[in-house]
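Structure first, then comments.
Chains as they are written, first to last, in the numbering used here: chain A, 13 to 243; chain B, 9 to 367.
Now the structure itself:
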C-alpha cells in the first residue's frame, strides 16, 4: 500500500505516512471534513447520455449481484487544477455515503472510481476489505483494457470494460480464497510500525532535516506522472 | 410566348396550308389514273400466259400448269423414242401428288438395337483395334467405327466435356456395336491401369443397343476407395436407366447421364484424392471381396468420434456457463487494520492517464 501523497509504501497500521506524515485529516482543509452524500454513479461532468448511464447502472447492478459483499461507485467530474486525484479518491472513499448502497456494505467493501476529464486521469481506490483480494497489478490490468475506450472518450464503454475485467479477477480471487482462506489474510501489524513512526516524528520535531515529500503541498504535480501504482 | 411553342404553331400552320393547296388541285379534274401501254395489254391478255395473282406473274417466272404438262409430254415422248422400250413409264395422269414421309425422329431406323444386333457381330474389326486400344483416348468419346451419327457424337462429346469440367472424375467412353466383343487379350482393367494408373478416370465401354453389356472401369485405386458395393450400385443404376429407352443412342445417353450423376455423389461421399503407396494392384476378385475400404471406415470412425467429442465439449461448456451464470462470489472477512487514520480505505489505489502521450 502506498501513500496517496508521496507514493511511498505505508506501514500497516501506521496513523500517518512515515515519510511525509500524510493522513486523512490532511485533506480536510482542501476537501472538507464532512461526510457527503454521493450517487452510485455521479456524472458531474455530464458526459454520459441517458442510455449510457442506464447501461453503466446495469453493470454496477450486475457487479453487486455477483459480489453481494461489494459495491462500486463512480464519480465523473472535472477536478480543479492542481488537485491530486489520488488524494481526492482517498478522501472520497472515506467521506462519501453512497445513496443506493445499503448499510450492509460499508465503504470498506467499495471500489471507488474517479474519472477526471480535466486531466484525463482515472483513479481507482479500494476499501480495506477489497484491497486484500486485488493487487496493484490486478488493477493495472483492469485499467489497461479500459484505456482505448477512455482515450476515444467512450467513457461508458471504458468503465463497463473495466468493471467486467474487475469482476473476472474477483471471481478468480473468490475461488482462490474459498480454497485457501489464509492466503489473503492480512499480516499481523508490524511491531515496529508505531515505534518507528514515533522515532521519525520525534526526530523531525527535534529539528532534524525536515523531509519534504515529493508532491507535498501540491502533491506530486499531477497524478499520472510518477509513483509505482500508476500506469 | 416561348420559342418551342411558337415553332410548333408555325409547323402546324404550314401543314394546314399545304393540305388546302393539294385539295384545291385535286378537286376540279380528279386524280389521273395510270393506263396500260399497248404491248403489255396484248401480252398479258393471252390465256395461260400468267399464273397466280390474276396475271401479275409472267409466264417466264412460273409456267402455267398447261404449259408445264405440255413440256412433260414432249420430254416423255423423247425418252420413249430414245429407250425404245416403251410401256414401262406410268401415264402422266396416274401421277399422284408427292407425299412427304416424315421420319420418326425419336427412333432413327438406322440406330435401332436390332439393326446393330444384325450387323455388328464378332470381335471388333481388325482395322479399328488400333484406334480403340493402342493409345489413351484423345477425346472423351472414342467411336472410330462411326456407329453414332455426327450430331449424336457431338451431343455426347459436349456432355462428357461438361461433366469433366464439373467433376473430378473424367469419363472416357468407347463405343462398340451391340454384338461386338472385345478382342482376346484386351481387358478394360489392364487398359485403365496402363493408361491412367490411379487417376480418377472412369473408362466406359458401351455396346450400342445393349446397356447390360457395358463395362465400367474405375481403376484399382478408385475401386478400392469407393468399394465394390458402390461400384455395383453405380453399374446397376446406369443399366436400369439405360434400359428405359428403346433407342440405342438414347440408351447410351441416359446411361452416361446417370453415370455422371452417380459419380457426383460418389465424389461427394467417398472421394479420397491422395493415393497411398502400396494400395494399388488390387485384383478384381480382391475388390469384390472388400465390402468397404479400410480408409473409409477409419474416416467414418474419426468423424463420429470428433462429432461426439464436440458435442460433449459443447454440453460441458453450456453446463459450466449455466452454473456460473447466477452464481454469487463471497470473500472471507478479515480483521481490518486502519492506516493513515482513515476509517474505510488506506489509499490502496491505481491511477491511469488516458490522454494523449506528451499532449
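The C-beta atom is built at its ideal place from N, Cα and C for all residues, glycine as well.
Here the structure is a predicted model, which is why all the values come from computation and not from measurement.
With the criterion set as a beta carbon lying under 7 Å from some beta carbon of chain B, the members of the segment 96-112 of chain A are 97, 98, 101, 102, 105 and 106, in sequence order. In the DSSP assignment, no residue is bridged to residue 147 of chain A. Exclusion of the five residues before and after residue 196 of chain A leaves 144, 145 and 189 as the residues of its chain whose Cβ lies within less than 7 Å of its Cβ.
Collapsing the DSSP output to three states places residue 236 of chain B in a helix. According to the DSSP assignment, residue 251 of chain B belongs to no beta strand (DSSP E), since it is labelled neither H nor E.
The secondary-structure analysis by DSSP pairs residue 179 of chain B across a beta bridge with B:210.
Listed as beta-bridge partners of residue 358 of chain B by DSSP are A:136. The Cβ atoms of residue 139 of chain A and residue 119 of chain A lie closer than 8 Å to each other.
Runs of the alpha helix (DSSP H) spanning 4 or more residues and lying entirely within the segment 73-128 of chain A occur at 97-107, in chain order.
A Cβ-Cβ distance of about 6 Å is found for the pair residue 275 of chain B and residue 177 of chain B, placing them in contact under the 8 Å criterion. For the set B:225, B:256, B:255 and B:258, the Cα lying nearest the Cα of residue 243 of chain B is the one of B:225. Sequence-distant partners of residue 57 of chain A (beyond 5 residues in either direction) whose C-beta falls short of 7 Å from its own C-beta, in its chain, are 88, 89, 90 and 129. In the structure shown, residue 131 of chain B adopts extended strand secondary structure according to DSSP, grouped into three states.
For residue 140 of chain A, the nearest beta carbon of chain B is closer than 8 Å to its own beta carbon. Contact of residue 21 of chain A with chain B is not assigned, every C-beta pair being separated by 8 Å or more.
In the DSSP annotation of this structure, the continuous segment of the alpha helix (DSSP H) that includes residue 312 of chain B starts and ends at 302-333.
Distance check between residue 49 of chain A and each of A:114, A:70 and A:183 places A:114 closest, using alpha-carbon atoms only. In the structure shown, residue 188 of chain B falls within a strand segment according to DSSP collapsed to helix, strand and coil.
Assignment of beta-bridge partners to residue 54 of chain A by DSSP yields A:87. If you ignore the 5 residues before and after residue 161 of chain B, its C-beta comes within less than 7 Å of the C-beta of 149 and 151, all in its own chain and listed in chain order. Boundaries of the beta strand (DSSP E) around residue 225 of chain B: 223-225.
Between the segment 135-145 of chain B and the segment 220-237 of chain B there are fewer than three C-beta pairs closer than 8 Å, too few to call the two in contact. In the structure shown, residue 192 of chain A falls within a coil segment according to DSSP collapsed to helix, strand and coil. Put simply, the CB of residue 331 of chain B is far from chain A, with every gap to its CB atoms at 8 Å or more. Pairing residue 304 of chain B with residue 207 of chain B gives a Cβ-Cβ distance that is not under 8 Å.
Using a Cβ-Cβ cut-off of 8 Å, residue 85 of chain A does not count as an interface residue toward chain B, since no Cβ of chain B sits closer than that to its own. Rounded to the nearest angstrom, the gap between the Cα atoms of residue 75 of chain A and residue 83 of chain A is 7 Å.
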